[in-house]
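Following: one structure in structure tokens, then a few remarks.
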Amino acid sequence: MSPWSSMYHADAIYLVDAIQGGEMLIKACKPALESSYITKVIHDCKRDSEALYFQFGIKLNNVVDTQIAYSLIEEQEGRARSSDDYISFVGLLADPRYCGISYLEKEEVRVLLRQDPKFWTYRPLSELMVRAAADDVRFLLYIYHKMMAKLNERTLWYLQFRGALYCRCYCVNDNNYADWPSLPPVPDNLIVEGKAPEEEILSVLDVPPGKMGCIIGRRGATILLIKESCNAEILIGGSRGPPDKVFIIGAVKEVRKAEAMLRGRMLDL
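Here you go:
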């Protein structure tokens, strides 16, 4: 998460600067960010949720993640995608079904950020920084409405449920998320003849010291093979998240399969 947050309302875009405004300003947003009645539209919420939780104690809630929505729509319309095939925000904007525009500033900012990781800490914000921050949210509501019109009742529930799992993903604590909002229940209209949609879970797997390289493999070959063998999303904390954990999201059967394969790699080597 950058040291600013962009918020788009129907009449304006607000840039909330965590550096100049400090913790007090971000925490003023806490009731809205944690509210079950206010929908937050974000593209790939995992890292934003992690930063809000560990830096400000905010539990991001009631999120519509356009990355998840895109995958669900592709699946619903018969265009199968692997669980490791994510649409970037730039790619989503370029898709003519949703927006059909190029996001040149984002690419320019990525280059500058690679050259100088402290890029977003400089003040005052340059015109490019303000424009890029605003454009991160400028088109989200437009895309959101287009996506919501495509989703059916089943995929709408999965969108809500997976969004809650994504928000929790990197926010590891000692109480197994007991202090987080409850996961959304299955609506009665999706239970047919006593059968509900397949349950999905988030599993956090601890990796012993020195074993993460065994799991990832040379140039990522091992983790890629495991991902291809399981219909589940497998994420590694990396430099910005818990470095000794693997996060698995998906249907219970597929998550257990991924766990077994990952544990096997830890024991074999």
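In terms of the numbering used here, the numbers along the sequence shown are unbroken and rise by one, the last being 272.
C-beta: ideal position from N, C-alpha, C; glycine also.
Please read these numbers as outputs of a predicted model, since none were measured by experiment.
Other residues of its chain near residue i: CB distance less than 7 Å, five sequence neighbours each side excluded
{"i": "Ile-204", "result": "Val-255 and Val-258"}
{"i": "Trp-183", "result": "Lys-62 and Arg-171"}
{"i": "Lys-30", "result": "Phe-59"}
{"i": "Arg-277", "result": "Given that the chain is displayed from residue 4 to residue 272, the structure contains no residue 277 and the question cannot be resolved."}
{"i": "Leu-75", "result": "Leu-154, Thr-158, Tyr-161 and Leu-162"}
For residue i, three-class secondary structure by DSSP
{"i": "Asp-139", "result": "helix"}
{"i": "Ser-206", "result": "strand"}
{"i": "Ala-263", "result": "helix"}
{"i": "Asp-88", "result": "coil"}
{"i": "Val-195", "result": "strand"}
{"i": "Asp-119", "result": "coil"}
{"i": "Asp-51", "result": "helix"}
Delimiting residues of the alpha helix (DSSP H) encompassing residue i
{"i": "Gln-14", "result": "Per the sequence presented here, residue 14 reads as Asp, with Gln not at that position. Premise fails: Asp-14 is in no alpha helix (DSSP H) and is neither H nor E."}
{"i": "Ile-226", "result": "224-232"}
{"i": "Asp-68", "result": "Note, Asp-68: premise wrong, no alpha helix (DSSP H); beta strand (DSSP E) at 66-68."}
{"i": "Pro-127", "result": "Note, Pro-127: premise wrong, no alpha helix (DSSP H); not H, not E."}
{"i": "Tyr-161", "result": "156-171"}
{"i": "Leu-28", "result": "25-31"}
{"i": "Cys-217", "result": "215-219"}
Per-residue burial, residue i [other beta carbons within 10 Å of its own, 16 or more giving buried]
{"i": "Asp-138", "result": "buried"}
{"i": "Val-114", "result": "exposed"}
{"i": "Asn-155", "result": "exposed"}
{"i": "Ala-181", "result": "exposed"}
{"i": "Ile-237", "result": "buried"}
{"i": "Glu-26", "result": "exposed"}
{"i": "Lys-43", "result": "buried"}
{"i": "Val-67", "result": "buried"}
{"i": "Thr-124", "result": "exposed"}
{"i": "Asn-176", "result": "exposed"}
Bounding residues of the beta strand (DSSP E) (the contiguous stretch that carries residue i)
{"i": "Glu-202", "result": "Unbroken run through Glu-202: none, as it is neither H nor E."}
{"i": "Leu-238", "result": "235-239"}
{"i": "Ala-254", "result": "248-254"}
{"i": "Val-44", "result": "43-45"}
Neighbourhood of residue i by C-beta distance below 6 Å, restricted to the same chain and skipping five residues each side
{"i": "His-46", "result": "Thr-69, Gln-70 and Phe-92"}
{"i": "Met-150", "result": "Ala-72"}
Proximal residues to residue i (C-beta, below 8 Å), its chain only, five neighbours per side dropped
{"i": "Gly-178", "result": "The residue asked about is misnamed: residue 178 is Asn in this sequence, not Gly. Around Asn-178: no qualifying Cβ."}
{"i": "Glu-262", "result": "Ser-206, Leu-208 and Ile-251"}
{"i": "Met-264", "result": "Ile-229, Ser-232 and Cys-233"}
{"i": "Leu-281", "result": "Because the chain in this structure spans residues 4 to 272, residue 281 falls outside the shown range and cannot be described."}
Of the listed residues the options, nearest to residue i (C-alpha basis)
{"i": "Gly-162", "options": "Leu-131, Tyr-145, Glu-77 and Glu-53", "result": "One detail in the question is off: residue 162 reads as Leu in this sequence, not Gly. Leu-162 has its Cα closest to that of Glu-77, out of Leu-131, Tyr-145, Glu-77 and Glu-53."}
{"i": "Pro-188", "options": "Glu-37, Trp-160 and Met-150", "result": "Trp-160"}
{"i": "Gly-60", "options": "Cys-32, Cys-48 and Tyr-73", "result": "Cys-32"}
{"i": "Ser-52", "options": "Leu-36, Ile-16 and Arg-82", "result": "Leu-36"}
Minimum Cβ-Cβ distance from residue i to chain D less than 8 Å
{"i": "Asp-191", "result": "The chain inventory of the structure shown lacks chain D, comprising one protein chain alone."}
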